[in-house]
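Per full-length UniProt numbering: the sequence shown = residues 1 to 404.
Here a beta-carbon is modelled for each residue, glycine too, at the ideal position from N, C-alpha and C.
First the structure, in the form of structure tokens, and then the observations on it.
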Amino acid sequence: MLEPDAARARILAALEDVAPLPPERVSLAEALGRALAEPVLAPRALPPFDSSQMDGYALRAADARAPGARLRVAFEVYAGSVPPPLPEGACCRIFTGAPVPAGADAVEMQEEVARQGAFARFRRAAEPGRFVRPAGSDLALGAVALEAGAAVDAGATGLAAALGRTELAVYRRPRVGLLATGDELVPVDRPPAAGQILDSNSHALAAACREAGAVPLLLPFARDERGSLRRALAAARGLDALVSTGGVSVGEKDLVKEAVEAAGARLDFWKVAMKPGKPVAFGRWGRTAVFGLPGNPASALVTFELFVRPALRRLAGLPGTGRVRLPARLAEPASKPAGLTHFLRARATVRAGQLWVEPLRSQASGHLTSVTGFEALAVLPSAATRLRRGAAVEAILLAPPREP
Ligand SMILES: Nc1nc2c(c(=O)[nH]1)N[C@H]1C(S)=C(S)[C@@H](COP(=O)(O)OP(=O)(O)OC[C@H]3O[C@@H](n4cnc5c(N)ncnc54)[C@H](O)[C@@H]3O)O[C@H]1N2
Ligand code: MOO
1 MLEPDAARAR
11 ILAALEDVAP
21 LPPERVSLAE
31 ALGRALAEPV
41 LAPRALPPFD
51 SSQMDGYALR
61 AADARAPGAR
71 LRVAFEVYAG
81 SVPPPLPEGA
91 CCRIFTGAPV
101 PAGADAVEMQ
111 EEVARQGAFA
121 RFRRAAEPGR
131 FVRPAGSDLA
141 LGAVALEAGA
151 AVDAGATGLA
161 AALGRTELAV
171 YRRPRVGLLA
181 TGDELVPVDR
191 PPAAGQILDS
201 NSHALAAACR
211 EAGAVPLLLP
221 FARDERGSLR
231 RALAAARGLD
241 ALVSTGGVSV
251 GEKDLVKEAV
261 EAAGARLDFW
271 KVAMKPGKPV
281 AFGRWGRTAV
291 FGLPGNPASA
301 LVTFELFVRP
311 ALRRLAGLPG
321 TGRVRLPARL
331 AEPASKPAGL
341 THFLRARATV
351 RAGQLWVEPL
361 RSQASGHLTS
371 VTGFEALAVL
381 PSAATRLRRG
391 AAVEAILLAP
401 PREP
């Protein structure tokens, strides 16, 4: 059976011809978290002019070579103003961010200057360049300010704004159809009858899509019946990804695999050597990436995390999984049969510089209370059977560890 890491590699390789999605120009606000489709170049230098780093006095350093120099204060320069050239032998009052006048080559902070009426006395020798931010010292005209492929964060937004950009070219967000399948399902806003359950997977996966930078679309449910599945799939035509839940195991009514193949999808695999989530399918349907996730809520979320999320990031042009995988120690002993890699939902804590993972008491794939309140997936290797407390494992961090 296919190992989880190999399955993820196969998915990413299968998306090579469609990822990243085409770029679009969006406002700075809408670009947050998305990958730049082209570099951002500097149409102006930063800072655009020589400016003062301090509130103080601008001068020619040569006029204050020794401590105690006394210079006439010729004028004041505020941020946003344009100063005249500095007269010979004089200094000027200047404020942080204000342009340094032509002729001046240094600024002294006011704490080092005694103001004496129209004069200023410099307590220490001036140094050329001190407290002056030279034009272009942050970024030269024409330089690459942001590399293509970089994710836009708050700082990148500020840098782009400083360069006068109101829009950025970023890769389009993947549009993901979420298809819940099963005769037992009822939408959350309707009262369930006997034997029915509310559809929670669509909502959990919609949230996971948004977290991954994708746009989820809830498709009408499909019943466990060929015609219903066919109609539901038609609604997903042209989306970047289709993620179904349920109907992928071996029951007579588990028809998803058959239905997507009948619709023309090519399935690459439909089982992975892992728990939860052994029955998980992936394939391509034209340009659409198709994922058949198991119906159990925890299995659906774990397989989304391991397979769908990296695929959506690849489509969005974002690098990697956006998660770190770190060495950790098991806070509780664990046992399992050999043969499948287990991904345990676990609390993560750092104690004395060591990352510890404590698996949640319930690892039941169908328990909804166990799909929240954890920061990590503890990875128990396929061959492992008994792991003692303190055993070394890998942890995939989904959130920062808790305070101990
Ligand atoms: N004989 C075998 N039976 C099962 C196997 C197996 O290998 N042999 N695998 C088990 C495993 S592991 C899993 S996981 C499940 C996967 O089953 P399906 O993907 O076919 O899912 P369903 O049977 O449709 O549903 C499973 C479970 O999840 C509930 N569900 C389904 N959709 C939703 C939804 N949208 N929101 C909330 N809950 C949902 C559903 O009611 C079931 O309780 O198969 C095992 N069986
Ligand atoms: O993989 Mo199933 O996901 O064990 O419940």
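DSSP places V260 outside any beta strand (DSSP E); the residue lies instead in the alpha helix (DSSP H), whose first and last residues are V256 to A262.
Ligand 1 never approaches T369 closely enough for any of its heavy atoms to be under 7 Å from the residue's Cβ. As the crow flies, the alpha-carbon of W270 is around 36 Å from that of E30.
A direct Cα-Cα distance of roughly 18 Å separates R314 from L398.
C-alpha of G177 to C-alpha of R133: approximately 51 Å in a straight line. In this structure, L242 is the residue among A66, R402 and L242 with its C-alpha nearest to the C-alpha of A265. Approximately 7 Å separates the beta-carbon atoms of V40 and L163; this is inside 8 Å, confirming the contact. A direct Cα-Cα distance of roughly 20 Å separates V144 from E24. Exclusion of P337 from the 7 Å shell around ligand 1 follows from its C-beta lying no nearer than that to any non-hydrogen atom of the ligand.
Membership of R230 in the alpha helix (DSSP H) is indicated by the continuous run R226 to A234.
Apart from the 5 residues on each side of it in sequence, A208 sits with its Cβ closer than 8 Å to the Cβ of L301, F304, E305, V308 and R309 in its chain, given in chain order. Following the DSSP letters along the chain, one finds H342 in no alpha helix (DSSP H) but inside the beta strand (DSSP E) bounded by residues T341 to R351. Taking the Cβ of N296 as the reference point, at least one heavy atom of ligand 2 falls within a distance shorter than 7 Å.
V186 and A328 have their C-alpha atoms spaced approximately 41 Å apart. In terms of Cβ geometry, L380 and M274 do not form a close pair [threshold 8 Å]. Taking one beta carbon from each stretch, the segment 149-158 and the segment 1-8 have fewer than 3 pairs nearer than 8 Å; the two do not touch. Q53 sits in coil when the DSSP states are folded into three classes, being neither helix nor strand. Distances between the C-beta of K278 and the heavy atoms of ligand 2 include at least one below 7 Å. The C-alpha of D105 is placed about 16 Å away from the C-alpha of A66.
For P128, same chain residues with a beta-carbon under 6 Å away, outside a window of 5 residues either side, are A61, D105 and A106 in chain order.
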